[in-house]
Amino acid sequence: MLSRPVTFAQIWKSWFSSHPLVGNKNIILMGPPGAGKTTVGRIVGQKLDCPVIDIDDDVLETTWNMSVSEKLKDVGNEQFLEEEGKALLKFSASGSVISLTGSNPMHSAGMQHMKKNGIVVYLDVPTTAIMSRLKSMKVDRIVGQSPGISLKDILQFRKQFYKRWYDIRVLCGGDIAAEVVAEKVLDAVKRYQNSELETFISTRSSRSGRSMEKDSHKYFSDVVTEGLAPDGGLFVPERGLPKFTTGEWQSLIEATYIEKAQVILERCIHPADIPASNLAEIIGTAYGENFTCSKIAPVRHLAGNQFLLELFHGPTASFKDFALQMVPRIFAYCIPRSCNYLVLVATSGDTGSAVLDGFSRLHDTDKQRIAVLNFFPEDGVSPIQKSQMIGCQKENAWSVGVKSDFDFCQTAIKQIFTNSDYTGFLTVEYGTALAAANSINWARLLPQIVYHASAYLDLVHQGIISFGSPVDVCIPTGNFGNILAALYAKMMGIPIRKCICASNENNVLTDFIRTGVYDLRGRKLIPTFSPAVDILKSSNLERYLHLIANEDGQLVTQLYNQLENQGHFQLRKDLLDKLQQDLVAGWCSEEDCLAAIHSVYSTTGYILDTHTAVAKVVADRLQDRTCPIIISSTAHYSKFAPAILRALRIAEINQNPVSQLHLLSSYSPLPPVHWGLLETLKKKGNEDHQVCAADMNMLMSHIETLIQNHFM
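Just so you know, the sequence shown maps onto residues 2 to 713 in our numbering.
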């Protein structure tokens with residue numbers, strides 16, 4: 002006898018019978034008129050076999066003994082909202098599915114009352130889709146719409162209220178069926194109630210080890226504060242990243258950058274770690290007034306099929322600002338209040354000033370318990386980068402120049418983190434824990450995913466491509482974080498075809514991607530015009546290898562032990578084949594870098610920075626011109642003025658960084674000289690900073706001195 006197939010509704014009834022809504026709370030559906038709240042509510046209630054309440058039909062009209070339209074006509078807009086709110090305040094229910102009116106969220110007291118016993122689910126439908134639905138329903142006016150105000154304007158105005166109240170967002174494309182929306186609602190509620198499903202593992206943990214350590218789960222808040230896994234690996238989400246449907250991505254095409262960031266990061270960060278309202282505040286503060294371009298990460302056509310993703314409009318003029326205006330605020334939210342934290346950073350140039358700036362913008366109370374110490378190669382960054390890092394020092398943020406290269410700084414920090422005796426000593430003796438803000442910290446990668454997704458959606462919005470058409474991306478790469486974020490965006494559903502890894506003369510990654518051999522034997526770091534990618538040990542490559550090795554932590558451990566002990570490792574053929582499906586690579590000489598800057602300026606008037614020039618050269622060589630290519634412009638040329646002036650063949654170069662920027666500005670370049678960088682360089686005292694030898698004991702001494710001075 003054949004068994005009956007299990008239906009979707011039976012699965013959900015079974016799950017909710019063993020996982021009832023916390024405290025028998027209500028599922029409250031919220032959204033604009035035409036979002037489908039009533040229809041979706043009935044379907045959800047049917048699937049869960051629980052009461053369904055429509056505020057319009059079952060509360061307002063019953064209370065008023067007249068239709069909603071009659072009441073609105075009778076009392077007018079303002080009084081209607083007040084009367085509607087009063088009815089909500091008298092209403093109570095539990096264990097029900099409740100469909101709000103489109104205007105309920107505009108009454109603060111009424112919504113606070115509803116939220117006390119409910120999980121608010123926002124049905125987020127694009128405004129254009131709502132207007133189309135309302136037109137088909139022959140609705141041309143809604144509550145709050147005064148004469149002279151368009152329907153589109155009032156719908157946009159209402160969004161601020163919806164965003165204030167929701168716990169969960171469900172993206173609803175324009176033509177999505179109510180049944181599908183109902184399933185998405187139930188999925189979202191299930192996720193909301195089960196934070197234990199979103200745990201993190203180390204890239205070096207074995208599967209057997211994981212099954213034995215179920216009591217030591219790591220959550221987002223844990224990995225933000227800990228940075229590096231205890232076994233020396235990097236944290237990654239155990240179940241991978243969320244995937245967006247085509248319809249969900251399409252619903253974001255007209256969204257602002259901040260709106261896109263909010264939607265994407267909500268799906269990557271569980272609300273138990275950071276609720277949606279707090280995340281919105283963090284994102285809004287990070288990208289609100291700190292960026293010089295309202296589009297945050299604009300995409301500019303360069304020539305032919307090449308487009309530039311401008312990532313330098315933040316306060317310190319590099320792509321690092323996208324993460325490091327957010328991470329300090331995320332960090333401050335996630336850490337316990339019972340301990341002080343010292344954030345350690347190693348930088349090859351741009352990270353240092355971005356970290357210092359980001360942490361110095363925290364609230365004063367947070368600055369008292371969070372400090373940052375930045376180690377950089379004293380002679381391995383550009384003069385302007387050094388002046389910028391020193392100029393960004395504040396009362397809780399300091400820089401130390403190390404007489405070595407970036408690889409030493411990064412390796413030293415990793416060794417300090419994995420030295421349990423030393424970290425334990427700092428905690429016991431000084432009540433201070435260490436944390437990381439380098440791209441080894443998972444929270445650094447998430448904001449970078451956003452701008453790669455946003456760039457693709459912007460090309461769709463501009464009519465360059467239709468959604469689903471492929472693009473290539475070309476990224477100047479050193480520590481592999483930026484290009485890894487592009488690969489993650491691809492995994493989440495953005496149609497990226499190939500990620501092109503662009504190296505300078507420190508081309509270990511290019512060799513590795515072409516051959517599968519990662520070989521540091523006999524290699525010495527070569528100082529170049531593009532210092533941010535003067536790196537030989539690419540930390541985030543470990544996360545990618547873990548991914549293509551199907552989370553085989555033992556293999557990753559073996560590879561990195563071999564790299565540490567023997568200076569090289571080689572990928573298996575099957576893994577190299579997987580890698581080469583995603584990645585291609587090339588490198589650029591110093592001469593070609595300067596020539597590209599000169600050529601682009603001569604033909605377009607646009608000045609590339611040295612890192613973007615590296616990517617431009619490699620893109621020219623490797624692209625097949627069958628689709629658009631997005632080149633990541635990772636820094637503003639102002640940071641590398643001597644090299645730019647040399648590329649533009651300007652003979653006399655004043656050694657003063659401020660004079661160099663004024664000279665560049667006199668050429669009326671595109672884009673203009675970065676004002677934030679210029680202001681930082683004008684600050685007095687830019688020569689004051691500590692310098693130490695390439696010695697672990699010296700670095701640890703600096704750490705203890707800073708802790709004593711700031712926290713004690």
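Every residue gets a Cβ at the ideal spot worked out from N, C-alpha and C, and that includes glycine.
Simplified DSSP state of residue i, which is helix, strand or coil
i: Cys-269; result: helix
i: Tyr-519; result: strand
i: Ile-12; result: With a pLDDT of only 46 at Ile-12, under 50, the local geometry of the prediction cannot be trusted, and no value is derived from it.
i: Ala-88; result: helix
i: Asp-216; result: In this predicted model, Asp-216 has a pLDDT of only 49, less than 50, meaning its place in the structure is not dependable enough to derive any value.
i: Leu-548; result: helix
i: Thr-317; result: coil
i: Asn-480; result: coil
i: Thr-247; result: helix
i: Cys-294; result: coil
i: Val-237; result: strand
Buried/exposed call for residue i, threshold 16 Cβ in 10 Å
i: Gln-161; result: exposed
i: Ala-456; result: buried
i: Ser-467; result: exposed
i: Arg-626; result: exposed
i: Asp-75; result: exposed
i: Trp-676; result: exposed
i: Asn-480; result: buried
i: Arg-159; result: buried
i: Gly-32; result: buried
i: Ile-150; result: exposed
i: Met-67; result: exposed
Bridge partners - residue i, DSSP secondary structure assignment
i: Ile-54; result: Ile-99
i: Lys-395; result: Ala-398
i: Ser-634; result: Glu-311
i: Cys-475; result: Ile-501, Ile-632
i: Asp-125; result: Leu-172
i: Ala-434; result: Tyr-342
Limits of the beta strand (DSSP E) - the one that residue i falls within
i: Met-31; result: 27–31
i: Cys-173; result: No beta strand (DSSP E) holds Cys-173; DSSP gives it neither H nor E.
i: Arg-301; result: 300–304
i: Asn-375; result: 371–378
i: Asn-341; result: 341–347
i: Cys-502; result: 497–504
i: Gly-285; result: Segment 277–288 is the alpha helix (DSSP H) holding Gly-285; no beta strand (DSSP E) there.
i: Leu-584; result: 584–588
i: Val-692; result: 691–693
Where the alpha helix (DSSP H) through residue i begins and ends
i: Pro-715; result: This structure gives no information on residue 715, because the portion of the chain shown stretches from 2 to 713.
i: Asp-322; result: 321–325
i: Asn-566; result: 554–567
i: Cys-594; result: 591–605
i: Pro-448; result: 443–462
i: Gln-411; result: 407–418
i: Phe-360; result: 351–361
i: Ile-202; result: Looking at the DSSP string, Ile-202 is not in any alpha helix (DSSP H); the run it does join, the beta strand (DSSP E), is 201–203.
i: Gln-47; result: 38–49
i: Val-69; result: 69–76
i: Phe-530; result: Phe-530 -> no alpha helix (DSSP H), and no H or E assigned at all.
i: Gln-194; result: 179–194
CB contact flag (residue i, residue j, <8 Å)
i: Leu-49; j: Ala-88; result: no
i: Leu-152; j: Leu-135; result: yes
i: Val-373; j: His-703; result: no
i: Leu-124; j: Val-182; result: yes
i: Val-346; j: Asn-439; result: yes
i: Asn-397; j: His-711; result: yes
i: Ile-131; j: Leu-156; result: yes
i: Val-122; j: Val-186; result: yes
i: Leu-310; j: Tyr-452; result: yes
i: Ile-254; j: Arg-330; result: no
i: Ala-324; j: Gln-449; result: yes
i: Met-713; j: Tyr-342; result: no
i: Cys-393; j: Ser-361; result: yes
i: Met-327; j: Ser-354; result: no
i: Phe-418; j: Ala-695; result: no
i: Phe-530; j: Thr-611; result: yes
i: Ile-385; j: Lys-683; result: no
i: Arg-165; j: Ser-70; result: no
i: Thr-478; j: Val-534; result: yes
i: Ser-590; j: Glu-506; result: yes
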